[in-house]
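Just so we're on the same page, this note's numbering is the position in the sequence shown counted from 1, plus 346. Even for Gly, the Cβ is constructed at its ideal location relative to N, Cα and C. Fair warning: this is a prediction, and the values are worked out from it, not measured in the lab.
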Amino acid sequence: MTEAPRILLIDDEEVDRKLVIRALRQYNSDIEIQEAQDGKAGLELFREQEFDCVLLDYHLPGMDGLRVLKEMHGDEETLPIPVIMLTGDEDVNLAVEAMKNGAYDFLVKGSDSRFQDFLPAAIERAMSRRHLFMEKEKAQAANAAKVEFLSHMSHELRTPLNAIIGFSELLMLEKFGTLGSDKNRGYAQDIHRSGNHLLEIINDILELTKIEADKFELRCEDVDLAELINESTRMVEGGARKPGARLVNNIGDTPAHVTADRRAIKEVLINILSNAMKFTPGGGTVTIAMESRGDSVAILVEDTGIGISSVDLPHIMEPFFQARRKEMKVQEGTGLGLLLSKKFIEMHGGCLEIESELGKGTKVTVLIPRKPA
Numbered sequence: 347m348t349e350a351p352r353i354l355l356i357d358d359e360e361v362d363r364k365l366v367i368r369a370l371r372q373y374n375s376d377i378e379i380q381e382a383q384d385g386k387a388g389l390e391l392f393r394e395q396e397f398d399c400v401l402l403d404y405h406l407p408g409m410d411g412l413r414v415l416k417e418m419h420g421d422e423e424t425l426p427i428p429v430i431m432l433t434g435d436e437d438v439n440l441a442v443e444a445m446k447n448g449a450y451d452f453l454v455k456g457s458d459s460r461f462q463d464f465l466p467a468a469i470e471r472a473m474s475r476r477h478l479f480m481e482k483e484k485a486q487a488a489n490a491a492k493v494e495f496l497s498h499m500s501h502e503l504r505t506p507l508n509a510i511i512g513f514s515e516l517l518m519l520e521k522f523g524t525l526g527s528d529k530n531r532g533y534a535q536d537i538h539r540s541g542n543h544l545l546e547i548i549n550d551i552l553e554l555t556k557i558e559a560d561k562f563e564l565r566c567e568d569v570d571l572a573e574l575i576n577e578s579t580r581m582v583e584g585g586a587r588k589p590g591a592r593l594v595n596n597i598g599d600t601p602a603h604v605t606a607d608r609r610a611i612k613e614v615l616i617n618i619l620s621n622a623m624k625f626t627p628g629g630g631t632v633t634i635a636m637e638s639r640g641d642s643v644a645i646l647v648e649d650t651g652i653g654i655s656s657v658d659l660p661h662i663m664e665p666f667f668q669a670r671r672k673e674m675k676v677q678e679g680t681g682l683g684l685l686l687s688k689k690f691i692e693m694h695g696g697c698l699e700i701e702s703e704l705g706k707g708t709k710v711t712v713l714i715p716r717k718p719a
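Right, here's the structure in full:
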C-alpha cells in the first residue's frame, strides 16, 4: 500500500491488544493505531475520527461486538469503512452472524504464526475493498455533476436555438414578407436545417450522458410494435429531403405487443430507418420486417446501400464514429444514433446487431423482449 492505514482497535483485553498491535507493526511499522477498551469508547472514536479499517473484538463488556457493528453500519457515511471481527473462539455460527451484520472478515486471535499472517492479509483485502468503493463513489459523483452540467447547458442552448429554428421557419414561410430570391430562401432553409441538426446533437449527448450515469429511466407501457413501426416508417418517408431509396414496409397490421418505453423504441426505429435511407442511393431498397422469436420480437431492417467495410464495422457503434464511405459525401449526423439505439435496446434486455458488406448493403436486427428483463 502506498499510505499507512489508520486502524481502530476495539478490544477489552490488554494482552490481546498488544498481540494485535505487534502483528500490525510487523506488517507496517508506520501504521497508525487508535485503541478503545469497550464498545462505547470505540463508537465515540469511530464517529469522531476517520479510519481506514476497524478491528473489533466480539467479547466486549456491556455492548458486544455485534451490537457495536450494527451501530457502526447504521450510519450511511461510515458504511464503506470495513470492519474485521476478532474473537478467541472458532465458532462458525458466530462468524456467519458477524458477516450477515456487515463484517468484512472474521479472524480467530492467537499467538501463532497463522494469525500473524492472516491479519495483514485481511487488512489488505479490506483496504482494497474500501478503495474500490471510494473510487466508485467518486465516479458516480463525477457522473452526476456531468449530467447536471449538461442538463443546465442544454437548457441554456435550447432556448436561443428554438428561437432560431422558429424564426427561420417563419422566414421560409415568408410570414414577414417575400424573401425576394431563391438564394435567400436557400439561406433560410440552411439556417433551419442547421438549427435542427444542432438541437439533435444536444439532445443525443444529453441522453447518452444520462444513460451512462444511470440517470435515464425507462417508462414502460404496452406497445404495439406493428403500429409503432408503421408510424415511424411514415415519419422517415415524410422527412426525406430528396427522392432516393424506396422504403418497403412488410409489417402489416397484425399487432405485436411488447412492454417497452414507447419513445425510446420509436427513437431506435427512426435512427435505424434514417441511416438505411441515408446510405442507400436512389434506385435502392430499404426493407423493414418483423418476426416472432420465442419470448422476443425481432425487427429486421435491410438495405441495398453502400454497406460498411469490415474495417469500420467493429467501430460503427463507437461515439461520434463516421464510417469512411468514399462513395458518398459526408452525411449529416451526430454519430451517436446507433450507440444510443444499442443502449436503449440493451436497457430493455434486448440486443442490436449489424451485419454488412461493402458495396452490397446492411442488415440491422433489433431483438426486443416481450417483457423487459
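CB of residue i within 7 Å of CB of residue j, strictly
i, j, result
"ASP384", "ASP410", "no"
"ALA622", "THR711", "no"
"MET431", "LEU402", "yes"
"GLY584", "GLY628", "no"
"LEU355", "ILE379", "yes"
"MET636", "ILE597", "yes"
"ARG592", "THR631", "yes"
"GLU687", "ASN617", "The sequence shown places Ser at residue 687, not Glu. Cβ distance < 7 Å, so SER687 and ASN617 count as in contact."
"VAL582", "THR633", "no"
"ASP550", "LEU682", "yes"
"LEU552", "LEU507", "no"
"ALA606", "HIS498", "no"
"GLY448", "HIS477", "no"
Cβ neighbours of residue i in the same chain (closer than 7 Å, five flanking residues each side left out)
i, result
"GLY653", "SER702, GLU703, LEU704, GLY705, LYS706, GLY707 and THR708"
"MET480", "PRO426"
"SER578", "LYS612, LEU615, ILE616 and LEU619"
"LEU440", "TYR404 and THR433"
"VAL493", "THR555, LYS556, ALA559 and LYS561"
"ILE691", "VAL614, CYS697, LEU698, VAL712 and ILE714"
"GLN535", "MET518"
Residue range of the unbroken beta strand (DSSP E) whose run includes residue i
i, result
"VAL361", "Counting along the chain, VAL361 falls outside any beta strand (DSSP E), though it belongs to the alpha helix (DSSP H) covering 360-373."
"ILE645", "642-649"
"LEU564", "No beta strand (DSSP E) holds LEU564; DSSP gives it neither H nor E."
"VAL604", "603-607"
"ALA382", "378-382"
"VAL400", "399-403"
"SER702", "697-703"
Rounded separation between residue i and residue j - CA only
i, j, result
"ILE700", "GLU390", "60 Å"
"HIS501", "PRO351", "45 Å"
"GLN486", "SER540", "34 Å"
"ALA467", "ASN374", "12 Å"
"GLU515", "ASN542", "11 Å"
"ARG471", "LEU646", "49 Å"
"VAL366", "ARG565", "54 Å"
"ASP463", "VAL454", "12 Å"
"GLY696", "LYS689", "9 Å"
"MET445", "ASP451", "7 Å"
"ARG368", "ILE469", "14 Å"
"ILE353", "VAL400", "6 Å"
"GLY651", "LYS624", "9 Å"
"ASP787", "SER459", "In this structure the chain extends from 347 to 719, so residue 787 is not present and cannot be described."
"TYR533", "GLY526", "12 Å"
"THR524", "ASP649", "41 Å"
"ARG609", "ALA382", "58 Å"
"GLY512", "SER656", "42 Å"
Range covered by the alpha helix (DSSP H) that runs through residue i
i, result
"THR708", "No alpha helix (DSSP H) holds THR708; the beta strand (DSSP E) holding it covers 707-715."
"MET636", "No alpha helix (DSSP H) holds MET636; the beta strand (DSSP E) holding it covers 631-639."
"THR505", "459-518"
"LEU440", "438-446"
"SER527", "Taken as a continuous stretch (DSSP letters only), SER527 belongs to no alpha helix (DSSP H), as it is neither H nor E."
"ILE691", "683-693"
"VAL414", "411-418"
"GLY385", "385-394"
Per DSSP, the bridge partner or partners of residue i
i, result
"VAL594", "THR633"
"PHE452", "MET431"
"ARG539", "DSSP, once it has assigned bridges, lists no residue as partnering ARG539."
"ILE551", "According to DSSP, ILE551 bridges with nothing at all."
"ILE575", "In the DSSP output, where bridge partners are listed per residue, ILE575 has none listed."
"ILE353", "ILE379 and CYS399"
Own chain partners of residue i with C-beta closer than 8 Å, once the 5 adjacent residues on each side are dropped
i, result
"GLU664", "LEU685"
"ARG639", "LEU713"
"GLU436", "VAL454"
"MET347", "Caution applies to MET347, whose pLDDT of 44 falls short of 50 and renders its modelled position unreliable; the model cannot decide the point."
"HIS603", "ASP568, VAL569, ASP570, LEU571 and ARG716"
"ILE548", "SER500, LEU503, ARG504 and LEU507"
Contact set for residue i: own chain, Cβ-Cβ below 6 Å, skip 5 residues either direction
i, result
"VAL676", "Only weak support is given to the placement of VAL676: the predicted model assigns it a pLDDT of 46, under 50, and the value that follows is read from those uncertain coordinates. Excluding sequence neighbours, VAL676 sits near nothing in its chain."
"PRO601", "ASP570 and ALA572"
"LEU406", "ASP358, ASP384 and GLY385"
"LYS482", "none"
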